[in-house]
Structure formats: C-alpha cells, structure tokens
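Report on one structure; see the data block that follows.
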Amino acid sequence: MPVGNLNLAVSGNGGFDIDGRTGTALGLYLVNGNPTLFAVDLATGAARRLAQYAPTLAYTGLAIPTRPVGYAADFTGSRLHIFDPTDASVTVTKTITGFADFRRIIGLDFRPSNGQLYALTQSFDDTLDRYLYTINPATAEATLIGPITPRLSLTSESAQFDFDPLTDQIRVVSTNGAAGTARTLLLNPTTAVFSPDVPLTLPSPPGSFKLAHDNNVAGATTTNLYLIEDPLGFNNLPCKLYRQNTADASSFTEIGSLGPTIRDCQAFDIGGASNVGYLFAEVNSNAVLHTIDLATGKATPTGTITLEGFVRGFTLGLGF
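Numbered by the UniProt record's numbering, the letters in the sequence shown go through residues 1 to 320 in order.
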C-alpha cells in the first residue's frame, strides 16, 4: 500500500536500501539531473536531501552493509542459532526442519559462489550414512542434496567441513585423533560425490583439529587454509593455530598459541570480508565465542555469545 510522496523529482535508475541496525532508509537517484542522496521517512514517505554529487560521477546504485551474522548448530545437531557476533542482544534460535529422523549436523558452511548455507549430517547411531543439505537461513528448513557418495566413514565425531573458495568444493577432513596423516576429501556441493584430496600431515601431539579458509568470497584467486589444533588435555597443552604451507600443501607451519586458558576448541571459521577468525571454545561447560588473531594465534573472548553445551557446526555470513 502507498505510504506517501517523496516530494522529490527523482528520475532514472538508482538505489534504495534500509539499514537493518538503525532502520534508516536511504535513496540515491537523479534529482534535477544530479545524483542525490536522500533519507526517507518510512512513516510518511517524505524524503530529505543529504548530499548532491556531480553528474560525471554517474552513481546508479546504493547498498548499506549488513550487520555481522553467525550461524551455529548446537550439541543436538537440530537447532540453528543465528546471532550477531558483535552484539549479544541479537540472537535467534530455530528448530531445523526437513531432516530425516535421527540426523544431526556435523558440519556447516556458506558457499561463496551462490551464498547458500550447506550442512553435512550423520545419523545419531553413527552409521556410515552421511547426507548433504542446504538450509534456508531465514526459516531453518533443510533441503536434501543427496547422500554422500561413495558412503563416507568419518573417524572423528565432528568432521571438518569448509568451502575452498578457489575450487568451489567442500573440503572435508577426518582424523581419528592420532598424530599423522588426516584423510582429506573434496565434496561436490551439487552432486554430493567426493574425490580424494592431498592428505594432510597433522601437527603432534595427538588431538582434534578445526580448519577454515580465509578470503572466502566469490571469485577468490588466493586463499590460506588455517588449522586449530586441540591437544584434548594432552600434557595440559594449549590449543594452537597453524597455516598451510604454500610450498608443501600437505604440511602446516605453527603461528602461535591461542592462550593458556583456551581448551576444548569446538568450531572455527574466518570472516570472508573481515578475514577475522572466530572460534567457539568451552568455558564452564558452555560454548563461548572468541576472536582469533590470524597473525599471532591469540584468542580473545568476544563477551557477546555463549551457547549451552557443545557447538557441532559454525559459520559466518559471507558479508562479514
């Protein structure tokens, strides 16, 4: 239904957007032949000029950056938590629909090339059956792509699952917790068929590993693969951050410790736009969100997001 007149003589192509954080509405159109930025009162429709630009600049559109957003699947594997990593007041929890009985998420990531959210699931009885889904972030409705083919045996309870922005394939890494070589696969996001990739030589001592690619954007020409090692209490050692070597893709170079108090590293991702690392780690039996300095490895609690229990899958929205 109509709201009201802009009271501006706008013409030609332009853009209009609303800031999700403040509710401010902005437009950018030609007014009397000049590109003009204006605010719009959403209650009345009235426009207020903010700035005018030279016609030679040829502005034709406008977009307001979206607020940061993260998605996490908790220990049940069937609840999707949606939150702003910088603001604890913005958190929504949805029950995921569309899964067959007894399936739960063990991996979660966005595909840069199409912006869709993908999930890897397994059955609660830990059979060899694994399934690939897309999930609608707005409704938490899951759509089956297909069973992983060939049947996929993962020796770690929570397989590492992250899109490689260069290949547009899902990198899946599984380890049984022993030092040595991890099984690495590339999973086709369209067919759910996987092919072997270069095995990874994991750091010692034995432990679990979380991984993520940086520069996770559509059309990326470079990326680094980062790995967080969790010694699982071995000699009371801290979690550490590593980066894949460019000369030898099967090995990693240590960057640094996450800090003496960081234990039970559960889920890791890197912002595609910000290239800031984020990690859920256990604190007092809850999953607490931390930032990770990719240059030093240092972990810092954000003070914003705490989820009950264990996080099985975690990813950041592509615009963050």
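Where a beta carbon is used, it is the ideal one built from N, C-alpha and C, also for glycine. These numbers come from a predicted model, not from an experiment.
Residue i: which of the options sits nearest, CA to CA?
{"i": "Tyr279", "options": "Ala247, Leu316, Gly61", "result": "Checking the displayed sequence, the identity of residue 279 turns out to be Leu instead of Tyr. Minimum Cα distance to Leu279 is reached at Leu316."}
{"i": "Pro112", "options": "Leu289, Glu254, Gly272", "result": "Gly272"}
{"i": "Val3", "options": "Leu227, Gly45, Thr121, Leu185", "result": "Gly45"}
{"i": "Leu318", "options": "His81, Asn114, Ser78", "result": "Asn114"}
{"i": "Thr167", "options": "Thr222, Cys239, Phe252", "result": "Thr222"}
{"i": "Thr291", "options": "Ser123, Ile105, Asn275", "result": "Asn275"}
{"i": "Ala54", "options": "Pro35, Thr95, Leu42", "result": "Pro35"}
{"i": "Thr139", "options": "Phe161, Val92, Arg103", "result": "Val92"}
{"i": "residue 346", "options": "Leu108, Ile170, Val40, Phe194", "result": "Nothing can be reported for residue 346, as the shown portion of the chain is limited to 1 through 320."}
{"i": "Lys298", "options": "Gln266, Phe163, Cys239, Asp248", "result": "Cys239"}
{"i": "Asp19", "options": "Ala73, Asp41, Phe102, Asn7", "result": "Asp41"}
{"i": "Gly146", "options": "Asn136, Arg103, Arg130, Glu254", "result": "Arg130"}
{"i": "Phe102", "options": "Asn284, Thr76, Val173", "result": "Thr76"}
{"i": "Ser285", "options": "Asp74, Ser257, Asn7, Arg67", "result": "Asp74"}
{"i": "Leu187", "options": "Asp230, Tyr133, Arg48, Pro137", "result": "Tyr133"}
{"i": "Gly70", "options": "Leu294, Ala267, Ala47, Glu229", "result": "Ala267"}
{"i": "Phe320", "options": "Val283, Ile270, Asp230, Thr191", "result": "Ile270"}
{"i": "Arg49", "options": "Asp264, Ala100, Leu37, Leu57", "result": "Leu37"}
{"i": "Phe110", "options": "Thr24, Pro231, Ala100, Ala72", "result": "Ala72"}
{"i": "Arg312", "options": "Leu232, Leu200, Ala119, Pro189", "result": "Ala119"}
{"i": "Ala100", "options": "Leu117, Ser78, Gln244, Asp84", "result": "Ser78"}
{"i": "Ile96", "options": "Pro199, Tyr59, Gly259, Asn136", "result": "Asn136"}
{"i": "Val283", "options": "Asp293, Thr306, Ser251", "result": "Thr306"}
{"i": "Pro68", "options": "Ile82, Ala58, Tyr59, Thr121", "result": "Ile82"}
Mapping the DSSP letters down to three states, classify residue i as helix, strand or coil.
{"i": "Leu237", "result": "coil"}
{"i": "Pro150", "result": "coil"}
{"i": "Thr56", "result": "helix"}
{"i": "Asp74", "result": "coil"}
{"i": "Lys94", "result": "strand"}
{"i": "Gly15", "result": "strand"}
{"i": "Gly313", "result": "strand"}
{"i": "Phe194", "result": "strand"}
{"i": "Ser257", "result": "strand"}
{"i": "Gln116", "result": "coil"}
{"i": "Val40", "result": "strand"}
{"i": "Thr296", "result": "coil"}
{"i": "Asp214", "result": "coil"}
{"i": "Leu225", "result": "strand"}
{"i": "residue 339", "result": "For residue 339 there is no data in the structure shown, the boundaries of the chain being 1 and 320."}
{"i": "Phe252", "result": "strand"}
{"i": "Ala47", "result": "strand"}
{"i": "Ile270", "result": "strand"}
With DSSP as the reference, identify every bridge partner of residue i, one or two as the case may be.
{"i": "Ala63", "result": "Answer by DSSP bridge pairing: none, since Ala63 is not bridged."}
{"i": "Gln160", "result": "Val173"}
{"i": "Asp230", "result": "Ser208"}
{"i": "Ala281", "result": "Cys265, Val288"}
{"i": "Pro301", "result": "His290"}
{"i": "Val10", "result": "Val31"}
{"i": "Asp87", "result": "Asp84"}
{"i": "Leu200", "result": "Ala182"}
{"i": "Ser123", "result": "Arg103"}
{"i": "Thr306", "result": "Val288"}
{"i": "Thr143", "result": "Thr134"}
{"i": "Leu108", "result": "Ala119"}
{"i": "Leu318", "result": "Note: Leu318 sits in no beta bridge, so no partner."}
{"i": "Leu187", "result": "Ile170, Phe194"}
If residue i sits next to residue j, beta carbons under 8 angstroms apart, how far is it from one beta carbon to the other, in whole angstroms?
{"i": "Val10", "j": "Leu26", "result": "Not a contact, Cβ separation roughly 13 angstroms."}
{"i": "Ala287", "j": "Gly309", "result": "7 angstroms"}
{"i": "Phe209", "j": "Val173", "result": "7 angstroms"}
{"i": "Gly98", "j": "Glu141", "result": "5 angstroms"}
{"i": "Ala281", "j": "Asp264", "result": "6 angstroms"}
{"i": "Tyr226", "j": "Leu241", "result": "6 angstroms"}
{"i": "Ile162", "j": "Leu211", "result": "Correcting the residue identity first, residue 162 is Asp in this sequence and not Ile. Confirmed, Cβ separation roughly 6 angstroms."}
{"i": "Leu80", "j": "Lys94", "result": "5 angstroms"}
{"i": "Arg243", "j": "Asn224", "result": "6 angstroms"}
{"i": "Pro199", "j": "Thr184", "result": "6 angstroms"}
{"i": "Gly207", "j": "Asp230", "result": "5 angstroms"}
I'd like to know whether the C-beta of residue i is nearer than 8 angstroms to at least one C-beta of chain D.
{"i": "Arg171", "result": "No chain D is present in this structure, which holds just one protein chain."}
Say yes only if the C-beta of residue i is nearer than 7 angstroms to one or more non-hydrogen atoms of the ligand SAH, and no if none qualify.
{"i": "His81", "result": "The model depicted lacks the ligand SAH and carries no ligand whatsoever."}
Is the region 301 to 313 close to the region 88 to 106, with three or more CB pairs under 8 angstroms?
yes
Please confirm if the region 12 to 26 is in contact with the region 63 to 70, defined as three or more CB-CB distances below 8 angstroms between the two stretches.
yes
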